[in-house]
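This note's numbering numbers the first residue of the sequence shown as -19 and each following residue consecutively.
Glycine included, every Cβ here is placed at the ideal spot set by N, Cα and C.
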Amino acid sequence: MKRRTTLAVPVPLMPRRRFVQGLAAGGVLFGLSPYARALGASSNQTSTGSAQILTGTEFNLEIGESPVNFTGSPRMATTVNGSLPAPTLRWREGDTVTIRVKNRLKETTSIHWHGIILPFEMDGVPGISFTGIAPGETFTYRFKVQQNGTYWYHSHSGMQEATGVYGAIIIDPAEADPIRADREYVVQLSDWTDEDPMRVLAKLKMQGDYYNYNQPTAVDFFRDVSDMGVKAAVDKRKMWNEMRMSPTDLADLSADVLTYLMNGTTPAGNWTGLFRPGERVRLRFINGAANTFYDVRIPGLDLTIVQADGINVEPVTVDEFRFGPGETYDVLVQPKDDAYTVYAQAMDRTGYARGTLATHAGLEAPVPSLDPVQWLDMADMMGAMGGGMAGMNHGATGHAPMGGMSHGSAMSHGAMAGMDHGSMAGAHHGGMQGMNHASMAAAGHGAMGAGAGSTEVRHARTEYGASTDMRVDMPRTNLDDPGIGLRNNGRRVLTLADLHTIGGPMDPRGAEREIELHLTGNMERYTWSFDGVEFGNSTPVHFRYGERVRVILHNDTMMTHPMHLHGMWSELEAPDGQFQARRHTIPVQPAQRISFLVTADALGRWAWHCHLMLHMDAGMFREVVVA
């Protein structure tokens, strides 16, 4: 494995436990320290915890700066109405809402209404749908509310979401809500860093695993020797070294730099929601994190999932669910004891957010230990061929291939079992020099009709370059995998296969054509892209107004990407082509190939990107034009 090098950047020393748990005060900085005053605070106090709820049809929001202290070091947050999270906005389906957003920052800002169906001019993405809100200016958003459920809003400018601009949206249905509950809470998860997010990105650009403190150690090696023997343990290390990858690259950022928050409260601050024993409590979970997948459970309680991304689903009862930035889940619980821990551990198992459901304030329940870190396995690297080692193309590494995946350049470095995947028809399309699938929307694949999507892997010519360090030739298409760290953990874990939207698809038509895009990246260079093309060098994806399009997303990376298409619903398909669930954000696991149908019923310019903020900023972003 490559060694960690020391960057010539001063890093403040902070005990790791401080980052994991935070301050018991919960993050509010009362009064201004000299440090905060030097930063030019526009508010003397930041409100954290359960956000203020604003109702009606007219709203006034001000984006400014105010001080927080989550770790023992005061910092400035970017806040809405002096609150972190931002105020919860409660709307009613069918109403027309007006939101006036005043910018009190020294830089341009914006608000994107995540998952809300609206005219593209109101979508709030600078450079795509509008120019942004300049310092001192007010922008008025006005649109009719056409849906109900749990959603959220956040800044789409710079790194402002990471520094505090995010809040919940609750939309009450026009008719009676079929989900019955005695009380409800918004549970908004997020992450915070004391460092300048742009400085964090700069460190990752210099060393992609800078914050990964779960690198394999000598202790791990000897444990493997005990479990599998010397030769197998050595071969395991040799394989990862040859690929120049880490089996523990589960997240870009860890508790080394992040504090995990629940409703703007640190684990030590212990956000608390009260209940009476026997009540049905609705928990509206929102992942408003910039960079963290959370695994959520409440030990001692069944979680009945009733809504995903704001859309009602057939109820399914689980012990645990994973969700990434941008996703929302509504959960029903019926607590009977005095206290329960709401536990949300980061996917890389370096830290957690937590709160408590209790019969009265001040109670706590035991907090679980972090689960052990699991290594990525061959299924995460090679997809459907993960059980074997035959046929992987290592590109420029000069090592024997291993099945179903190619690395680096399009060169074939010899064969295993006589196979050269560089010329293998139907598997590895390195020779398709004239085809760029980044713009396949213009060409399409003709009338597709009903049924499942294409299974033939089509790598774009642009994937063969320095921006891509991995290509999966035989991806897996299953939706019943809970993901790394959750497999066979003894708990019932939600999967995409468990989700079934009530009422079926919005549009009964089959796909008229198909678009295939690959999620690509290079961890050493820390670049992220579609089809090996970063946003600055890309061209828009074009949808014809009114058409029904099948979109295939093929993950050629080792990380899970929560993919968010603005302005239109993504109707997830099962591998056999059957409708599964309506989503606005779909997580795509490593070496996985998923498909969904889109009805292009929203004219204008839209954003399409990974909702891991650093991935989006580093290039995994595309414009979609519907005309």
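| Asked | Found |
| --- | --- |
| What does the Cβ neighbour count give for Y525, buried or exposed, with the cut at 16 atoms within 10 Å? | exposed |
| Identify the continuous beta strand (DSSP E) that holds L184 and give its terminal residues. | Element bounds for L184: not the beta strand (DSSP E) but the alpha helix (DSSP H), P177 to M186. |
| Residues bridged to Q572 by DSSP? | R456 |
| Measuring alpha carbon to alpha carbon, tell me which of G268, I285, P247 and N243 ends up nearest R262. | I285 |
| Since Y617 and R264 should fall inside the 8 angstroms C-beta cutoff, what is the C-beta to C-beta distance between them, to a whole number of angstroms? | The displayed coordinates of the chain run from -19 to 607. Any statement about residue 617 would go beyond what the structure contains. |
| Determine the burial state of T120: buried for a count of at least 16 other Cβ atoms within 10 Å of its Cβ, exposed for fewer. | exposed |
| Please classify N468 as buried or exposed, where buried requires at least 16 neighbouring CB atoms within 10 angstroms. | exposed |
| Span of the beta strand (DSSP E) holding A338? | Y332 to A338 |
| Got a sec, what are the start and stop residues for the beta strand (DSSP E) H94 sits in? | H92 to H94 |
| Could you give the DSSP three-state label for G375: helix, strand or coil? | Reliability fails at G375, whose pLDDT of 33 lies under 50, so the model's placement of it is uncertain and no value is given. |
| Please state whether DSSP places A666 in a helix, a strand or coil. | For the chain, the structure presents residues -19 to 607; residue 666 sits outside this window and is missing. |
| Using three-state DSSP, classify L283 as helix, strand or coil. | strand |
| Is A154 buried or exposed, if buried means 16 or more other CB atoms sit within 10 Å of its CB? | exposed |
| Report yes if the CB atom of R260 is closer than 8 angstroms to the CB atom of A338, and no otherwise. | no |
| Helix or strand or just coil, what does DSSP make of H595? | helix |
| Cα separation between Q325 and A607? | 43 angstroms |
| Return the CA-CA distance between V81 and I482, expressed in angstroms with no decimal places. | 35 angstroms |
| Within 10 Å of its beta-carbon, does Q32 have 16 or more other beta-carbons around it, so buried, or fewer, so exposed? | exposed |
| Say whether the segment 529 to 549 touches the segment 495 to 503, bearing in mind that this needs 3 or more beta-carbon pairs closer than 8 angstroms, one atom from each stretch. | yes |
| Along the chain, where does the beta strand (DSSP E) containing D171 start, and where does it finish? | R163 to W172 |
| If V60 and V167 are in contact, beta carbons under 8 angstroms, what's the gap, nearest whole angstrom? | About 18 angstroms separates the two Cβ atoms, so there is no contact after all. |
| Please determine if the segment 547 to 555 and the segment 71 to 81 are in contact, where contact requires at least 3 C-beta pairs separated by less than 8 angstroms. | no |
| By the DSSP assignment, the beta strand (DSSP E) with A148 in it spans what residues? | Y146 to D152 |
| Identify the continuous beta strand (DSSP E) that holds M543 and give its terminal residues. | H541 to L545 |
| Give the straight-line distance between the Cα atoms of L98 and T507, rounded to the nearest whole angstrom. | 32 angstroms |
| Just curious, the alpha helix (DSSP H) that D360 is in, first and last residue? | M358 to M362 |
| Verify whether the separation of the beta carbon atoms of R277 and E300 is less than 8 angstroms. | yes |
| Considering only C-alpha positions, which residue in the set K185, F303 and F50 is nearest to S447? | K185 |
| Just the C-alpha distance for P247 and N458, rounded to the nearest angstrom, thanks. | 35 angstroms |
| Indicate whether the contact test is met: 3 or more Cβ pairs, each with one atom in the segment 288 to 298 and one in the segment 349 to 359, closer than 8 angstroms. | no |
| With a threshold of 16 other CB atoms inside 10 Å of the CB of R329, please say whether the residue is buried or exposed. | buried |
| May I ask which residues mark the beginning and end of the beta strand (DSSP E) holding K82? | T76 to N83 |
| Would you call Q572 buried or exposed, if buried means 16 or more other Cβ atoms sit within 10 Å of its Cβ? | buried |
| Under a Cβ-count criterion, where at least 16 other Cβ atoms within 10 Å of its own Cβ denotes burial, should Q126 be classed as buried or exposed? | exposed |
| Say whether chain B places a C-beta atom closer than 8 angstroms to the C-beta of V60. | Included in the structure is just one protein chain, with no chain B present. |
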